[in-house]
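A short write-up of the structure that comes next.
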Amino acid sequence: MACPALKHGNLVLQDGSDVKMLWQSFQHPSESLLQQMKLSSDQSTGEKVVLKSWRSPSDPSVGNFSAGVDLQTVPQLTVWNGNYKYWRSGPWDNQVFTGVESMTSTYQSRVIVDDDNEGSVTMSFTFVEGMTSFFRLNPDGSLVQIYWAEEKQDWEVTWSSLETECGVYGKCGPFGSCNSRTPQICTCLPGFEPAHEDAWKRGNFSGGCVRRLLLQCEGMELKLTTMKLPDFQELSDVPENKCESQCVNYCSCAAYTYLNGIGCMIWKGNLIDLQKFDNGGADLYIRLASSELDNERKKRTVIAISVSIGSIIMTMCAYFTWMRLVNHRGMEKLRKVPLFRNYSEFQENSTEVIQEITARDVKLKELPLCKFEELALATGNFNLTNKLGQGGFGPLNSPTSKLHGYMAPEYAMQGRFSEKSDVFSFGVLLIEIVSGKRNTGFYNNEQALSLLGLAWRLWNEDKIVTFIDQRISYQGFESQILRCLHVGLLCVQDFAADRPTTSKVLSMLSSETSALPSPNQPAFTERHASSRTSSSEPSHQRCSVNDVTVTVLRGR
Numbered sequence: 001m002a003c004p005a006l007k008h009g010n011l012v013l014q015d016g017s018d019v020k021m022l023w024q025s026f027q028h029p030s031e032s033l034l035q036q037m038k039l040s041s042d043q044s045t046g047e048k049v050v051l052k053s054w055r056s057p058s059d060p061s062v063g064n065f066s067a068g069v070d071l072q073t074v075p076q077l078t079v080w081n082g083n084y085k086y087w088r089s090g091p092w093d094n095q096v097f098t099g100v101e102s103m104t105s106t107y108q109s110r111v112i113v114d115d116d117n118e119g120s121v122t123m124s125f126t127f128v129e130g131m132t133s134f135f136r137l138n139p140d141g142s143l144v145q146i147y148w149a150e151e152k153q154d155w156e157v158t159w160s161s162l163e164t165e166c167g168v169y170g171k172c173g174p175f176g177s178c179n180s181r182t183p184q185i186c187t188c189l190p191g192f193e194p195a196h197e198d199a200w201k202r203g204n205f206s207g208g209c210v211r212r213l214l215l216q217c218e219g220m221e222l223k224l225t226t227m228k229l230p231d232f233q234e235l236s237d238v239p240e241n242k243c244e245s246q247c248v249n250y251c252s253c254a255a256y257t258y259l260n261g262i263g264c265m266i267w268k269g270n271l272i273d274l275q276k277f278d279n280g281g282a283d284l285y286i287r288l289a290s291s292e293l294d295n296e297r298k299k300r301t302v303i304a305i306s307v308s309i310g311s312i313i314m315t316m317c318a319y320f321t322w323m324r325l326v327n328h329r330g331m332e333k334l335r336k337v338p339l340f341r342n343y344s345e346f347q348e349n350s351t352e353v354i355q356e357i358t359a360r361d362v363k364l365k366e367l368p369l370c371k372f373e374e375l376a377l378a379t380g381n382f383n384l385t386n387k388l389g390q391g392g393f394g395p396l397n398s399p400t401s402k403l404h405g406y407m408a409p410e411y412a413m414q415g416r417f418s419e420k421s422d423v424f425s426f427g428v429l430l431i432e433i434v435s436g437k438r439n440t441g442f443y444n445n446e447q448a449l450s451l452l453g454l455a456w457r458l459w460n461e462d463k464i465v466t467f468i469d470q471r472i473s474y475q476g477f478e479s480q481i482l483r484c485l486h487v488g489l490l491c492v493q494d495f496a497a498d499r500p501t502t503s504k505v506l507s508m509l510s511s512e513t514s515a516l517p518s519p520n521q522p523a524f525t526e527r528h529a530s531s532r533t534s535s536s537e538p539s540h541q542r543c544s545v546n547d548v549t550v551t552v553l554r555g556r
C-alpha cells in the first residue's frame, strides 16, 4: 500500500503491487475546488461529487451549503442551501456559463464541462501557466475565486457569486428582474405588475409579478437584451429559424431563445431568477398579449423620442454657446473704453461712434445696435421687476419673465453665460417632463418649495417615485425615468462647476449602465425653512438664499 500526493495536490491510496488507485481525495472534496479536481453528477447511479462549506471559518465541520453540477436539460453550476437553490450560474453554452456576467470566451480560467449525453456530467477547470488559483465555497454560501498575487505575496478574491443581492436565487420572484444598479433592484418584466403591491413597496419582492393581461395563444414576443436566462428551460431540437414558431405552438410558452452551443430553449410557466446585465448574458423573448405589446412599443417610442429631442436641444445649445464665444472675441476690443454714455449722446455722435468701432477693427455685424424704443418695450420701460441682476457691465434685464424658470443662477444674477447655463435649462426641462408640471407655474405654499425644491426634498427622502407624473404608466421603465430625474437634478445644481458638460449629459442619458454621481442642492431652493411662532415680537425674515448677505426689511 502507498499513499502519495500527486502534482496538483490529489492525495491517493494505491495498491503497491499494481499501482491501482483505491481512493483519492479529489473525489471527496471539502470546501475548495483545485485545478484538475472534478465536480460530477451521474443520474444513472445518483452519485455526486460536490463541494461542502464549512460551518464557520474556524469550524471545518460540514455546513449548510453545497455546490456542484445541476443536471437539468442543460448543465449549470449550482449552490444549494440544504435542498434549496441559493445561486446558479445559468446554462453552459460550451464556452461560458451564460449567467455569470464577468465570464467571457477569453476567461482566464478554462472551464471544462464534459457531458456524455447519457446523464453523466463532470466539470473541472485549469488556469494559464504560472497562475495559482482555486475556487472556495464559503460558510455564507458565496462561491469565490481566489488567486495568489505574486506582487503582494497574498491571496486575493477576484470573483464572487454574491457580489450583489441579485446573486441570490429568485431574488425578485416569478417574472421579476433584478438589477443591482437601479435604485430599486427589482422590477417587473414589461407587461407584468407586482403580485402584492404593498409588500413590493416595502422591499419584499419574493411574491414576484403577475401578468396585467391574460396571455392568449395569439400573443406576441418582446425582446429583452443582456439577460440572465431564467431557470427550468426545456430544449427543443429545431433550427434557429423554427424556434419562435416552436414557442408559439404552445399556448403555455412564456419565453424562448436560441443560443449557439445549446440550441432552442423554451420556458413554460413562471420565469424565475431573471437578472439584467450591463454586458454578456443573452437575448430573451417573452410572450405578451398583443394589446400589451402595443402599449410597450408606444412607451419605448415615447422614451426614444424624448431622448432624441433632448439630444437635439443640447446640440443646438452647444452650437449657440460656441457662436456666442466666437462673437465675444470681437467684442473684447470694445471693453477697454466705453463707447456709450446715454442714448441722446449716441444719437448726436452716432457717426463718430461708428467710425471709432470701425477703427478698432470690429465688424458691425458683431455689434448689433438696437433702438432705444425697442429696448424700453422689451424690458417694460426698464421695469425693476424685470431686472435679473447686475454684473460689471451694468444691470441685466429680462425681456420676458417666462424664461425666469429656465435661467441658470450665474446668468440671472451676474450675467455670466456658458455651456453650463444651457445644461441648467435642459435639466429644468427634464424635471418638468417627468413631473408633468412647469417650473414657472409651480409653488408649494405650505412648504415654501419651488418645483426644483420639491424634487430635491423628495430625492433626499427617497420618495422621488411620487414625483413622477401619475399619467405616465412607467411599469417596466421605472429605472429609465428615475435616471432622467437623476440627470435633471445633476443639471440644475447651484454651482456651475458641479453640473455635467453637454457631452456628459448625452452620455448619461444614452447609457443605462454608467453610474451617476449624487446631485448637490439645486439652484433657487430654500436653504433654511422659516420658523413659525406665535410670538408677538417682530421677526426678521430671511430674504436671500445667500448665506453671506444680510437683508433686513425696515420701514422708512
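Each residue of the sequence shown is one higher than the one before, counting from 1 in full-length UniProt numbering.
For every residue, glycine included, the Cβ atom is placed at its ideal position computed from N, Cα and C.
Since we're looking at a predicted model, the values are computed, not measured.
Cα atoms of Q275 and A282: separation of roughly 11 Å, rounded to the nearest angstrom. If you check the CB distance, S435 and D462 do not come in under 7 Å. DSSP, read as helix, strand or coil, puts C253 in strand. Uninterrupted alpha helix (DSSP H) stretches at least 4 residues long and entirely within the region 209-273 occur at 240-248, given in chain order.
Around the CB of M37, 16 or more other CB atoms lie within 10 Å, so the residue is classed as buried. In this model, R211 and E193 are separated by some 6 Å (Cα to Cα). Across the set P75, I472, S66, P57, the C-alpha of P75 shows the shortest separation from the C-alpha of L235. In the DSSP assignment, I286 forms a beta bridge with L222, A255.
Shown here for Q153: not one same chain residue has a beta carbon closer than 7 Å to its own, the five before and five after excluded. Counting only runs of at least 3 residues, the region 65-109 fully encloses the following beta strand (DSSP E) elements, listed from N- to C-terminal order: 76-81, 84-88. Its Cα nearest to that of S518, the residue D498 stands out among F524, F65, T502, D498. As the crow flies, the alpha-carbon of S507 is around 52 Å from that of S61. DSSP places R457 inside the alpha helix (DSSP H), whose first and last residues are 451-460.
Here the region 162-175 does not lie against the region 214-226, with fewer than 3 beta-carbon pairs under 8 Å apart.
In this chain, the beta strand (DSSP E) harbouring F134 covers 133-137. Contact between the region 176-188 and the region 246-261 is absent, with fewer than three C-beta pairs closer than 8 Å. Under the criterion of beta carbons closer than 8 Å, S41 and G68 qualify as touching, at roughly 6 Å. Taking C-beta separations shorter than 7 Å and ignoring five residues to either side along the sequence, the partners of S290 in its chain run E218, G219, M220, following chain order.
Per DSSP, reduced to three states, the secondary structure at L162 is coil, with no helix or strand assignment. Shown here for A523: same chain residues with a beta carbon closer than 8 Å to its own, the five before and five after excluded, namely A408, P409, F424, L452, V492, Q493, D494 in chain order.
Per DSSP, the continuous alpha helix (DSSP H) segment holding L485 begins and ends at 478-491. Apart from sequence neighbours up to five positions away, the residues of its chain that approach G99 with a beta-carbon distance below 6 Å are S89, G90, K228, ordered along the chain. Following the DSSP letters along the chain, one finds F426 inside the alpha helix (DSSP H) bounded by residues 419-435.
For P409, the enclosing alpha helix (DSSP H) has its first and last residue at 409-414. Proximity to I262 across L288, C251, Q233 peaks at Q233, based on C-alpha coordinates.
Rounded to whole angstroms, the separation of the alpha carbons of S56 and F205 is 29 Å. For the set V79, T321, R483, the Cα lying nearest the Cα of P139 is the one of V79.
For A412, the number of other beta carbons within 10 angstroms of its own is at least 16, and it is reported as buried.
Beta-bridge partners of V113 (DSSP): M123. For the region 24-59, the full-length beta strand (DSSP E) segments reaching 3 residues or more read 39-42, 51-56 along the chain. Short of 8 Å from the beta carbon of V168, and not among the five residues preceding or following it, lie these beta carbons of its own chain, in chain order: Y86, W87, L162. Listed as beta-bridge partners of G176 by DSSP are C188.
The residues K268, G269, in chain order, have a CB closer than 8 Å to that of S252 in the same chain once the five nearest residues on each side in sequence are set aside. Distance from the CA atom of S102 to the CA atom of G280, rounded to whole angstroms, is 8 Å.
In terms of Cβ geometry, T126 and Q145 do not form a close pair [threshold 7 Å].
The DSSP-derived three-state label of A318 is helix.
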